[in-house]
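Structure first, then comments.
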Amino acid sequence: MSDNAQAHAHGHGAHGHTTGNGDGNGNGNGNGDGPSWTRAATMLQNAAPITVPDGASAMTIHVAWEPGDPGTPPHRHSGPAFGYVIEGAVRFELEGEPERIIEAGGTFWEPGGDAIHYQDGNALDDARTEFVVTMLCAPGKPMLELVDEEELKQRAHLRAPRPTG
C-alpha cells in the first residue's frame with residue numbers, strides 16, 4: 001500500500017488507504033489492452049490479512065459529514081470495515097497508527113475487533129465530505145460500539161503520537 005501507516009500495534013498489519021491503477025491481470029489496467037471487461041474495473045483496495053467473524057453479516061452505509069464535523073466518537077467494529085471516500089477528505093485514525101487525511105478517491109480499511117477507531121470526521125472546514133463504508137459484523141454484536149472514557153484512558157499508551165501545530 002502506498003502511503004499507509006505502519007503496522008497496527010495489535011499485529012493486524014498495515015491499515016489505511018490505497019488507490020490502484022490495476023495490476024495487469026484484468027483488474028483495470030487502463031492501458032486499452034484486452035476485452036472491455038478487463039478494463040472496466042480498477043482495484044481500489046487490497047486489504048490483507050483480514051479476519052471475518054464466523055456467520056458475519058455485512059452492511060454498507062453512506063456517510064455525509066458537514067464542513068468541520070468531527071465524525072463518530074472513538075469506537076470499534078466487531079469485524080473489518082472497508083471504505084471509499086466519494087468527495088472531500090476524511091480525517092482517519094486507528095489505534096497505533098498516526099492520524100492521516102484520506103482524500104476523495106482514496107480508500108481505507110480497519111480490522112475490527114479490539115482496535116479503536118479514533119477519528120473518521122471531515123478534515124475540511126469549508127466543504128462537505130462523503131464516504132461509503134462496508135462493515136462486516138459478528139453475529140449478536142452491534143455494527144459499531146462506542147468506547148468509554150475509562151477505556152480510552154487505559155489504552156492511551158496504544159494511541160500514536162498526536163500531530164502538533
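Residues 1 to 165 (our numbering) make up the sequence shown, in order.
We put the CB at the ideal spot given by N, CA and C, even for glycine.
Proximity of the region 120-139 to the region 64-77 meets the contact definition, three or more beta-carbon pairs being nearer than 8 angstroms. As a beta-bridge residue in DSSP terms, tyrosine 84 pairs with Thr107, Val132. Considering only Leu136, Phe108, His77, the residue with the shortest C-alpha distance to valine 90 is Phe108. Looking at the backbone, the Cα of glutamate 87 and that of glutamate 130 are separated by about 5 angstroms.
Secondary structure at glutamate 66: coil, using DSSP grouped into helix, strand and coil. Taken atom to atom, the span from the alpha-carbon of arginine 162 to that of proline 98 is near 7 angstroms.
Residues of the same chain with a CB within less than 7 angstroms of the CB of leucine 152, apart from the 5 flanking positions on each side, are Pro74 in chain order.
DSSP places glutamine 119 within a strand segment (E or B) once states are collapsed to three.
Taking the Cα of glutamate 103 as reference, the smallest distance to any Cα among Tyr84, Glu93, Gly112, Ala115 is reached at Tyr84.
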